[in-house]
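Colleague: Submitted below is the structure of interest, expressed as structure tokens.
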Amino acid sequence: MHQHQTSFTLSTNGQALYEFTQDVESWLASTGITTGLVTLFCRHTSASLLINENAAPAVQRDLLRWLSKAAPESDIYEHDDEGPDDMPAHIRTMLTGASLSIPVVDGQLALGTWQGVYLAEHRRIPHTRRVVAHVIGE
Amino acid sequence: MHQHQTSFTLSTNGQALYEFTQDVESWLASTGITTGLVTLFCRHTSASLLINENAAPAVQRDLLRWLSKAAPESDIYEHDDEGPDDMPAHIRTMLTGASLSIPVVDGQLALGTWQGVYLAEHRRIPHTRRVVAHVIGE
Amino acid sequence: MHQHQTSFTLSTNGQALYEFTQDVESWLASTGITTGLVTLFCRHTSASLLINENAAPAVQRDLLRWLSKAAPESDIYEHDDEGPDDMPAHIRTMLTGASLSIPVVDGQLALGTWQGVYLAEHRRIPHTRRVVAHVIGE
């Protein structure tokens with residue numbers, strides 16, 4: 000059994016979903032592990048990870064619209080000293096989560112046909128986001 | 000240290016929670032692993048995994064009612080070409096997630112007394128759903 | 000490759016976020032594992048795990064306020080025989096989740112600067128909560 004780790008750096012430019020499935024697949028191929036478990040971990044409290052449909056871009060926009068409506072910037076929050084998009088970003092991060100676990104089968108992520116891996120950026124201004132990846136297997 | 004993988008196929012018949020705790024426990028027993036980590040991964044974007052109460056069926060109905068109200072079919076979505084239940088299904092999947100990680104203690108999933116493992120089906124018509132399982136341990 | 004397990008017991012006193020990052024770090028240090036993967040698993044259906052900002056306590060109160068508003072005690076639920084805070088607690092648990100996976104880098108959890116690990120208690124009366132921890136690595 001072996002393990003490997005890396006870190007992905009993603010530059011974001013506003014509230015959107017940023018797919019990085021190919022980055023994970025390429026790194027996984029470089030490790031030589033064909034059976035195992037990949038874990039992705041987002042090191043932020045105003046950006047998160049999620050898996051959703053990778054075909055229709057309208058899906059991604061609808062997901063973001065739902066999150067915007069569920070935790071709107073126009074609401075009153077006790078924590079408001081970092082701007083109106085800050086507390087909504089923490090709430091949207093709580094709802095989508097910091098970690099993803101994906102089995103590795105035949106040297107690839109066991110994603111379904113329509114599944115892509117996304118970083119969800121919840122802040123308005125550009126950010127540099129770090130996602131730590133770990134794989135264990137053989 | 001050893002690892003094993005399998006895939007569970009679940010037939011769904013409408014929006015409901017489908018428990019498959021016993022399938023996971025039986026497979027786990029067959030691997031012989033007594034200490035380790037089980038990961039479950041749902042390969043779909045309109046069905047998801049969750050852990051919740053396994054005693055009162057009313058709890059499961061209330062959870063689904065909450066999801067239906069939070070992302071209603073009657074709302075307007077940009078992505079609507081696969082039917083009114085499609086985009087709500089993607090949103091409900093985002094909120095509940097694709098993966099679960101459960102430690103293995105004494106040869107069993109470390110679930111609490113009232114915890115069951117469920118596939119949440121968010122589409123109306125029958126589907127065949129695949130859940131990949133991975134265990135590592137000894 | 001080695002693995003270790005432990006169980007954290009957290010006493011809660013009402014609906015709040017209870018940070019236990021230091022408990023996890025201390026246990027991790029005691030295992031001697033410097034590269035690997037930590038998994039935390041909450042054995043309850045009315046308490047959950049989440050990672051969020053550890054600096055401003057107002058963030059934690061706003062997160063809880065959002066959850067209270069999203070699944071209010073004043074709503075009508077089919078499952079209501081365990082008190083008005085019971086079904087909302089199951090819903091809030093579904094939205095935040097039972098498990099967290101965090102890579103271990105250089106002997107520490109790969110948390111970002113502002114990330115803390117929290118047990119979210121969703122019931123009003125005091126409870127004793129169990130979180131199972133598993134680490135694999137070397």
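Residue numbers (numbering that gives the first Met the number 0), protein chains in the order written: chain B, 0 to 137; chain W, 0 to 137; chain G, 0 to 137. Virtual Cβ for every residue (Gly too), placed ideally from N, Cα, C.
Between the region 20-37 of chain B and the region 105-115 of chain B, do at least 3 Cβ pairs fall closer than 8 Å?
Modeller: yes
Colleague: Between which residues of its own chain and A126 of chain B is the CB-CB distance below 6 Å, once the five residues before and five after are set aside?
Modeller: Before going on, a small fix: residue 126 of chain B reads as His here, not Ala. Closer than 6 Å at the Cβ level, and outside the excluded window around H126 of chain B, lie T11.
Colleague: Output, in chain order, the set of chain W residues within a Cβ distance shorter than 7 Å of Q114 of chain B.
Modeller: R42 and T44
Colleague: Please confirm whether V116 of chain B and Q2 of chain B have their CB atoms less than 9 Å apart.
Modeller: Against a cut-off of 9 Å, the Cβ pair of Q2 of chain B and V116 of chain B comes out as no contact.
Colleague: Any beta carbon of chain B sitting closer than 9 Å to that of L102 of chain G?
Modeller: Here residue 102 of chain G turns out to be Pro, not Leu, going by the sequence shown. With 9 Å as the cut-off, P102 of chain G counts as an interface residue toward chain B.
Colleague: Is any heavy atom of the ligand FAD found at a distance shorter than 8 Å from the C-beta of T44 of chain G?
Modeller: Of the ligands one can find in the structure shown there are none, so the ligand FAD has no counterpart to examine.
Colleague: In terms of residues, what are the limits of the beta strand (DSSP E) holding I101 of chain W?
Modeller: S98 to V104
Colleague: Considering Cα atoms alone, identify which of B:P71, B:L39 and B:P102 is closest to D85 of chain B.
Modeller: B:P71
Colleague: Look at P87 of chain B and H43 of chain B and say whether their C-beta atoms are less than 9 Å apart.
Modeller: no
Colleague: What does the alpha-carbon distance come out to for the pair T8 of chain G and I50 of chain G?
Modeller: 18 Å
Colleague: So, does the CB of T34 of chain G fall closer than 9 Å to a CB anywhere in chain B?
Modeller: yes
Colleague: Measuring CA to CA, which of B:A97, B:S45, B:R128 and B:S67 is closest to L48 of chain G?
Modeller: B:A97
Colleague: For E81 of chain W, report the span of its beta strand (DSSP E) as first-last.
Modeller: Neither: E81 of chain W is in no beta strand (DSSP E) and is coded neither H nor E.
Colleague: Let me see if you follow: with CB-CB separation under 9 Å, is H133 of chain B close to chain G or not?
Modeller: yes
Colleague: Thinking R129 of chain B and G13 of chain B are a contact (beta carbons under 8 Å), I'd like their distance in whole angstroms, please.
Modeller: Not quite, the Cβ-Cβ distance comes to about 18 Å (not below 8 Å), so this is no contact.
Colleague: Does the Cβ-Cβ distance between A54 of chain B and W113 of chain B come in under 9 Å?
Modeller: yes
Colleague: Do M0 of chain B and M0 of chain W have their C-beta atoms closer together than 9 Å?
Modeller: yes
Colleague: Can you tell me the Cα-Cα spacing of L31 of chain G and Y76 of chain B, whole angstroms?
Modeller: It is worth fixing the name first, because residue 31 of chain G is Gly in this sequence and not Leu. Cα to Cα, the separation comes out at about 42 Å.
Colleague: Consider the Cβ of G96 of chain W: report whether some Cβ of chain B lies at a distance smaller than 9 Å.
Modeller: With 9 Å as the cut-off, G96 of chain W counts as an interface residue toward chain B.
Colleague: Should D79 of chain B go down as buried or exposed, given a rule of 16 or more other Cβ atoms within 10 Å for buried?
Modeller: Counting Cβ neighbours within 10 Å, D79 of chain B comes out exposed, since fewer than 16 surround it.
Colleague: Who are the neighbours of H89 of chain G on chain W, taking C-beta pairs under 8 Å?
Modeller: Within chain W, the residues near H89 of chain G are N51, E52, V58, D61 and L62.
Colleague: Roughly how many whole angstroms lie between the Cα atoms of L99 of chain B and T20 of chain G?
Modeller: Distance between the alpha carbons of L99 of chain B and T20 of chain G: 19 Å.
Colleague: What residues match up with Q107 of chain B in a beta bridge as DSSP calls it?
Modeller: Partner(s): B:V104.
Colleague: On the DSSP bridge assignment, give the partners of Q4 of chain W in chain order.
Modeller: Note: Q4 of chain W sits in a beta bridge opposite W:H133.
Colleague: Rounded to the nearest angstrom, what separates P83 of chain B and R64 of chain G at their Cα positions?
Modeller: 17 Å
Colleague: Is T144 of chain B near A132 of chain B, with beta carbons less than 9 Å apart?
Modeller: In this structure chain B extends from 0 to 137, so residue 144 of chain B is not present and cannot be described.
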